[in-house]
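Residue numbers 85 to 321, in this note's numbering, belong to the letters of the sequence shown in order. Idealized CB from N, CA, C, for every residue including glycine. A short write-up of the structure that comes next.
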Amino acid sequence: MAKKVSSIVMKQITDMIRSGQYPTGSKLPSERELMEMFKVGRSSVREALSTLADMDVIEKRNGVGVFVKKTDLNHLVDTFVVSALLDSKVSREILDFRLILEVETAGIAALMATEEDLLKMELAIQSYSEAIQSKKDTVEPDELFHTAIVMATRNSVLLKVYHYISDLLHSFKIDLLQVENKENTLYYHQKIYDAIKKGNEKEARRMMREHLLEFKEQFNDMNIQKEDDHESIKKAN
């Protein structure tokens, strides 16, 4: 699969940061300068910078410019991660894999969850509800809930695989905050928790499947909107 231009730009920027050319706190070249440096269009530069900002590598300051936040990138960027973040086909495949992984995980958790596991899930649901009420970021309580379910399986390999997938999905979740139906997510979290608490393996799987299919649908809608926006930017340029 050929790399998108934006993924190549992102790799080149991270290489410059890793090399020490742009240390923490330093200002990156402007969009126009990056366009000239890499011989690419504005939309590719903007997409690369947006992804790096989501990954907390750089910081955009309105009216000032773009600055480096961290230079230790070894655990953040490799070819597959870049492709996953910027290629919609790979992104959909990750979501398909997550569906397989977490549906089965929910079923196992229903059989193995302890009181301590259930308490972690309950606290995550409470944090999610409080975040909705106070209009705060819901990404962290969402990840805490799903992580608690995986941890309940007592399978260290499964947990490592989940953390890797979760890291890839983190950027998508930040974008989805703009369009996500948080009340629906809270509803599914509660239903999944109830099924696990009752030891109902079949119901836990069913509710997790419904929850993740809705997430996937929201992601696809968001991606269609992004593609439309990119086309509009290209025409404007």
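| Item | Value |
| --- | --- |
| Val150, enclosing beta strand (DSSP E) - first and last residue | 149–152 |
| Lys79 (DSSP reduced to helix, strand or coil) | Absent from the structure is residue 79, since the part of the chain shown begins at 85 and ends at 321. |
| Close Cβ partners of Leu136 (< 8 Å) along its chain, the five nearest in sequence each way excluded | Met94, Ile97, Thr98, Ile142 |
| Cβ-based burial, Glu117 [other Cβ within 10 Å; buried from 16] | exposed |
| Where Glu301 sits in the DSSP three-state scheme | helix |
| Terminal residues of the alpha helix (DSSP H) in which Glu143 lies | Taken as a continuous stretch (DSSP letters only), Glu143 belongs to no alpha helix (DSSP H), being part of the beta strand (DSSP E) at 142–145. |
| Whether Glu285 touches Ala194 by CB criterion (7 Å) | yes |
| Rounded separation between Val78 and Glu199 - CA only | The question about residue 78 has no answer, for the chain in this structure spans 85 to 321. |
| Option in Gly125, Ser250, Arg102, Ser240 with minimal Cα separation from Leu228 | Ser250 |
| Beta-carbon proximity list for Thr222, same chain, < 8 Å, skipping 5 on both sides | Tyr212, Ala215, Ile216, Leu261, Glu264, Lys266, Thr269 |
| CA-to-CA distance, Thr108 to His247, given in whole angstroms | 26 Å |
| Of the residues Gly191, Lys153, Gln105, the one placed nearest Met291, counting alpha carbons only | Gly191 |
| Asp278 beta carbon less than 7 Å from that of Ala236 | no |
| Supposed close pair Ile280, Ala208 - CB separation, criterion 8 Å | That pair is no contact at about 12 Å. |
| First through last residue of the alpha helix (DSSP H) which encompasses Ser103 | From DSSP, Ser103 is part of no alpha helix (DSSP H); its letter is neither H nor E. |
| CA-to-CA distance, Lys282 to Arg126, given in whole angstroms | 53 Å |
| 4 or more residues per run - each alpha helix (DSSP H) lying fully within the stretch 177–238 | 199–217, 223–235 |
| Selected residue, minimal CA-CA separation from Glu287, among Thr189, Met139, Ser128 | Thr189 |
| 7 Å Cβ cutoff met for Met119 and Val129 | yes |
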